[in-house]
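One structure below.
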Amino acid sequence: MKVTSAEFVISAVGPAQYPEDALPEIALAGRSNVGKSSLINRMINRKNLARTSSTPGKTQHMNYYRINERLYFVDFPGYGYAKVSKVQRAAWGKMVEKYLAERETLKLVLLVVDLRHPPTSDDKMMYDWLKHYGIPMCVVATKADKIPKTRWPKHIKIMKEALGVQPGENFIPYSSEIGLGREDLWNLVESMTAV
Ligand code: GDP
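See below:
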């Protein structure tokens, strides 16, 4: 997709602030620092629209980005950040769970994981949770450029097995650095948001 406009809309702390124009939403879930902001920036070919955070876990907000006046990317607060308190963690869980369960304009969740490492228990929990609720998802395994291409197949296999990704389910190796997977991901996003 040719991106002609991309704008930050709101950092929402709850449903009252979610946009009401009913455009389809693509949500990104993943642990802090996994590369969600970088993924968005690469998708829209902007260096810095989505903030790449030097202090992971700081944002407890849902960041909305409107693309081509046609859809939203919704960046969830990252999970699994050690310095977040139990209370904050519970609040995070509640907000995200409510969004995932009730948001009618949600079309697809991108579960962003790090191709270099096996999934964390939080990644696995999120995968199982999305599956349980039948929410359309795509596992996006990013930072592929950080390992040699010859080792991609092995890492992809480990990731799929550990998460329980079945044949035919969406899985895209990605790199915000070199643009790997961008076309595939746009094709998927377009197919899931077509009207
Ligand atoms: P977020 O907390 O999930 O939004 O993660 P960021 O997008 O802020 O990325 C965290 C760090 O990983 C930053 O230093 C990024 O430059 C780096 N990073 C993210 N994606 C990639 C990638 O695909 N390749 C490489 N080499 N670095 C990446």
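Residue numbers (our numbering): -9 to 185. All C-beta atoms in this analysis are idealised placements derived from N, C-alpha and C, irrespective of residue type, glycine included.
With a threshold of 16 other CB atoms inside 10 Å of the CB of residue i, please say whether the residue is buried or exposed.
| i | result |
| --- | --- |
| A91 | exposed |
| S181 | exposed |
| R141 | exposed |
| H118 | Looking at the sequence shown, residue 118 is not His but Asp. Counting Cβ neighbours within 10 Å, D118 comes out exposed, since fewer than 16 surround it. |
| M115 | exposed |
| R36 | exposed |
| V64 | buried |
| E15 | buried |
| A19 | buried |
| D104 | buried |
| S75 | exposed |
| Y89 | buried |
| V(-7) | exposed |
| A6 | exposed |
| K26 | buried |
| K147 | exposed |
| K133 | buried |
| D113 | buried |
| A80 | exposed |
| Y123 | exposed |
Identify, in the order they occur along the chain, each residue of the same chain with its Cβ nearer than 8 Å to the Cβ of residue i, setting aside the five sequence neighbours on each side.
| i | result |
| --- | --- |
| T110 | R21, G70 |
| Q78 | Q50 |
| I162 | C128, V129, V130, A131, G171, D174, L175, L178 |
| G4 | M85 |
| N38 | N31 |
| V(-1) | P9, Y54, Y55, R56, Y62 |
Quick check on residue i - is its C-beta less than 8 Å from some C-beta in chain C?
| i | result |
| --- | --- |
| Y55 | No chain C appears in the structure shown, which is made up of a single protein chain. |
Which residues in the same chain have their Cβ closer than 6 Å to the Cβ of residue i, if we skip the five residues on either side of it in sequence?
| i | result |
| --- | --- |
| S(-5) | N58 |
| I168 | D135 |
| L13 | L61, Y62 |
| E190 | Since the first residue of the chain shown is -9 and the last is 185, residue 190 is not available in this structure. |
| T183 | P14, L61, K97 |
| A152 | P108, P109 |
| P126 | L98 |
| M149 | A131 |
| L120 | V99, M127 |
| R41 | S27 |
So who's on the other strand from residue i, going by DSSP bridges?
| i | result |
| --- | --- |
| D65 | L18, N53 |
| D104 | T132 |
| P163 | A131 |
| I0 | Y54 |
| L153 | None, per the DSSP bridge assignment. |
| V99 | A17, M127 |
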